[in-house]
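Scroll down for the structure; my scribbles are underneath it.
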Amino acid sequence: MADLEKIRCELKKQLKKERYIHTIGVMYTAASMAMRYGEDIEKAMTAGLLHDCGKFAPAGEQIRLCKKYGLSLKESEVEMPALIHAKLGAYLAKETYKVCDGEILNAILYHTTGRPDMTMLEKIVFLADYIEPGRKMIPGLSDVRSLAFTNIDRAVCLCSKQTLSYLEKSGRSIDPMTRETFLYYSEQKK
Ligand code: DGI
Ligand code: FE
Ligand code: FE
Numbered sequence: 025m026a027d028l029e030k031i032r033c034e035l036k037k038q039l040k041k042e043r044y045i046h047t048i049g050v051m052y053t054a055a056s057m058a059m060r061y062g063e064d065i066e067k068a069m070t071a072g073l074l075h076d077c078g079k080f081a082p083a084g085e086q087i088r089l090c091k092k093y094g095l096s097l098k099e100s101e102v103e104m105p106a107l108i109h110a111k112l113g114a115y116l117a118k119e120t121y122k123v124c125d126g127e128i129l130n131a132i133l134y135h136t137t138g139r140p141d142m143t144m145l146e147k148i149v150f151l152a153d154y155i156e157p158g159r160k161m162i163p164g165l166s167d168v169r170s171l172a173f174t175n176i177d178r179a180v181c182l183c184s185k186q187t188l189s190y191l192e193k194s195g196r197s198i199d200p201m202t203r204e205t206f207l208y209y210s211e212q213k214k
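Going by our numbering, the sequence shown opens with residue 25, and the numbers climb by one from there.
Rendered as structure tokens:
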């Protein structure tokens, strides 16, 4: 596989309609950001297209597949099934969709929690996931959308801040990496 058109056809079969539409939104948003920041456009599109490929199955099935493929899950991940699709997705991108570029695989792996000192491609996918045109409007979204094209580190900071406060309000447990991303980018002053 590893050809955008082929991957797109396969994902159309694998994903629910809304998830597929979101995926296409992330792919084109990642492409625009790659244009803005001089990143490889095809890599950004491939990562955007595949970022949620792990969501083809419900959470319980995702856990079962991780065990089957020997992917170890941290305690926090078992407690927070929303995080598992990123790890499973990076694995499937490599094994099923035949993506061998490690940067693309890492952009998929870190798209949900982010991480400190992300590569440009990782930041692009992390943000494109949040700002793609199909996302439901929430307070602060237009600020992240505009910052994504003007000051990408500030955009990551605001995006992770909003995710944290949303998780805190809804009383869900928070992965240490989600916090570290916010702390790191809140100290990046540019
Ligand atoms: O897969 P998507 O819905 O497109 O977006 P995503 O992969 O960014 O996030 C999926 C969900 O994961 C989203 O509701 C935010 C949530 N999330 C991010 N960090 C954490 C988290 N959930 C928990 N419980 N803990 C986290 O640290
Ligand atoms: Fe996701
Ligand atoms: Fe997504």
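All C-beta atoms in this analysis are idealised placements derived from N, C-alpha and C, irrespective of residue type, glycine included.
These numbers were taken from a predicted model, which means no experiment stands behind them.
Cα-Cα separation between I128 and S194, rounded to whole angstroms | Against the sequence shown, residue 128 aligns to sequence position 104. Against the sequence shown, residue 194 aligns to sequence position 170. Whole-angstrom Cα-Cα distance: 31 Å.
Near R32, which residues of its chain fall below 7 Å by C-beta distance, leaving aside the five closest residues on each side in sequence?
-> Against the sequence shown, residue 32 aligns to sequence position 8. Excluding sequence neighbours, R32 sits near L73.
Option nearest L89 by Cα separation, candidates H46, E119, P140 and G158 | Numbered from its first residue, the sequence shown carries residue 89 at position 65. Nearest of H46, E119, P140 and G158 to L89, Cα basis: E119.
Can you have a look at M59 and say buried or exposed, based on whether 16 or more other CB atoms are within 10 angstroms of its CB?
-> As a first step, residue 59 is located in the sequence shown; it is residue number 35 there, counting from the start. Answer is exposed; the Cβ neighbour count stays below 16.
Since Y208 is in the alpha helix (DSSP H), which residue starts that stretch and which ends it?
-> To locate residue 208, count along the sequence shown from 1; it is residue 184. Segment P200 to E211, the alpha helix (DSSP H) holding Y208.
Any heavy atom of ligand 3 within a distance shorter than 7 Å of the CB on V50?
-> The residue given as residue 50 occupies position 26 in the sequence shown. Answer for V50: yes, Cβ within range of ligand 3.
Among the residues of its own chain, which have a CB less than 7 Å from the CB of G113, if the five just before and after it don't count?
-> Translated into positions along the sequence shown, residue 113 becomes position 89. Hits under 7 Å: L74, H75, D76, C77, G78 and I132.
At what residue ranges does the region 98-135 contain a whole run of the alpha helix (DSSP H), taking only runs of 4 or more?
-> 99-103, 108-119 and 126-133
Run of the alpha helix (DSSP H) containing T53, from where it starts to where it stops = Along the sequence shown, read from residue 1 onward, the residue named residue 53 stands at position 29. From DSSP, the alpha helix (DSSP H) with T53 extends over K41 to Y61.
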